[in-house]
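Sequential numbering of the sequence shown, starting at 190, is according to my numbering. Everything on this sheet refers to the single structure shown next.
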Amino acid sequence: ATWWDEKRPSWRAETDSCMLDLEQVRGVGLPSSHIAVNSVSFQNFETVAVSRPVTTGKMFYEIEVTKVGNCPQFGWATTTFALTIHRYRGEGVGDDSSSWGIDGARQCKWFQGSTAWGEHWADGDTIGCAADLTTGELRFGRNGQWDAPMGLAFTGVQPAGGLFPAFTASSPTQVSVNFGGKPWSYGPPDDSYTAFALREAEGREADEEAQRSQTDWVAAFAPTWTLEMDAALIQYATERAAVKGKRAVED
190 ATWWDEKRPS WRAETDSCML DLEQVRGVGL PSSHIAVNSV SFQNFETVAV SRPVTTGKMF
250 YEIEVTKVGN CPQFGWATTT FALTIHRYRG EGVGDDSSSW GIDGARQCKW FQGSTAWGEH
310 WADGDTIGCA ADLTTGELRF GRNGQWDAPM GLAFTGVQPA GGLFPAFTAS SPTQVSVNFG
370 GKPWSYGPPD DSYTAFALRE AEGREADEEA QRSQTDWVAA FAPTWTLEMD AALIQYATER
430 AAVKGKRAVE D
């Protein structure tokens, strides 16, 4: 059921189906006590993510930073992001060409290396992550502030595989992530953005509907297929192959 606070803008209204679980996708396995639903306590530069990409539109999520730590790299990844679980990998979000992140400890942004950007985070901050796959722009806000030195961090980000949230850090960094399953602390840059969880659910439902339509078509058509149709199809394919072979010889 949909619920909302009438005192807040409509984009704060989300659904109970917006819960997405984080999973570790890089690094030596975290103890089960360190990762639970939408919260994680990092140890040794692990990467966690919701590796179910969204390919179109404008989407948003929030990170509640309990402890900043020394090397948080938070943002987005695409489907070519290497998933190297159960072994240490000294690369995180933004260290390659398949991910984009920001870092409020070292005040930089990451994409195939680092560039000075943004402002310093404090424990208790909320970081907003907004992606527009139509324009290819990635924006990040701190405690609801989207103006410089925060705001637009990356342009031209339109990977064919879409984007999904991803986070890399080491101890003592601790975070909780809201993909849209509860009211935002601050919200996106404007009301044109949709919660990542809703965008992901819409895409998944579209895929399932397409699969159902294909299954329904096969189920409806299969009973009408006959052995005579099989024979006619085989004869047609044989004749076409013979014609192509003759043309090849003549040429």
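Backbone N, C-alpha and C fix where the C-beta goes; we use that ideal spot for every residue, glycine too. Model, not experiment: these values are computed from the prediction.
Unbroken beta strand (DSSP E) stretches of 3 residues or longer found wholly inside the segment 200-254: 212-216, 228-230, 235-238, given in chain order. Contact check for P261 and E308: beta-carbon distance about 14 angstroms, past the 8 angstroms limit, so the pair fails to qualify. Separation of the CB atoms of G333 and G376 is rounded to 7 angstroms, and the pair is thereby assigned contact status at 8 angstroms.
Taking C-beta separations shorter than 8 angstroms and ignoring five residues to either side along the sequence, the partners of W310 in its chain run V254, V257, P261, G293, A294, I316, R331, following chain order. Using a Cβ-Cβ distance cut-off of 8 angstroms, the segment 225-232 and the segment 276-290 are not in contact, since fewer than three pairs of beta carbons, one from each stretch, lie closer than that value. Residues of the same chain with a CB within less than 6 angstroms of the CB of V366, apart from the 5 flanking positions on each side, are N227, I252 in chain order. A Cβ-Cβ contact shorter than 9 angstroms links F249 with A320. With a beta-carbon spacing of about 6 angstroms, S288 and A355 fall inside the 8 angstroms limit used to define contacts.
Sorting T244, R276, H275, Y277 by C-alpha distance to the C-alpha of T268 places T244 at the top.
G281 is bridged by DSSP to nothing; it lacks a bridge partner. In this chain, the beta strand (DSSP E) harbouring Q262 covers 262-266.
Between P220 and G350 a beta carbon distance of about 31 angstroms is seen, past the 8 angstroms cut, so the two are scored as non-contacting.
For the beta strand (DSSP E) assignment, the uninterrupted runs of no fewer than 3 residues enclosed by the segment 332-388 are, from N- to C-terminal side, 340-343, 353-358, 363-367. In this structure, DSSP gives R328 an extended state, which the three-state scheme calls strand. Non-local beta-carbon contacts of T362 in its own chain, meaning distances under 7 angstroms to residues more than five positions away in sequence, involve F231, K256, V257, G258, P261 in chain order.
Shown here, D321 sits in a strand according to DSSP, grouped into three states. CA-to-CA, the gap between E417 and A426 works out to about 14 angstroms. Rounded to the nearest angstrom, the gap between the Cα atoms of S374 and F368 is 12 angstroms.
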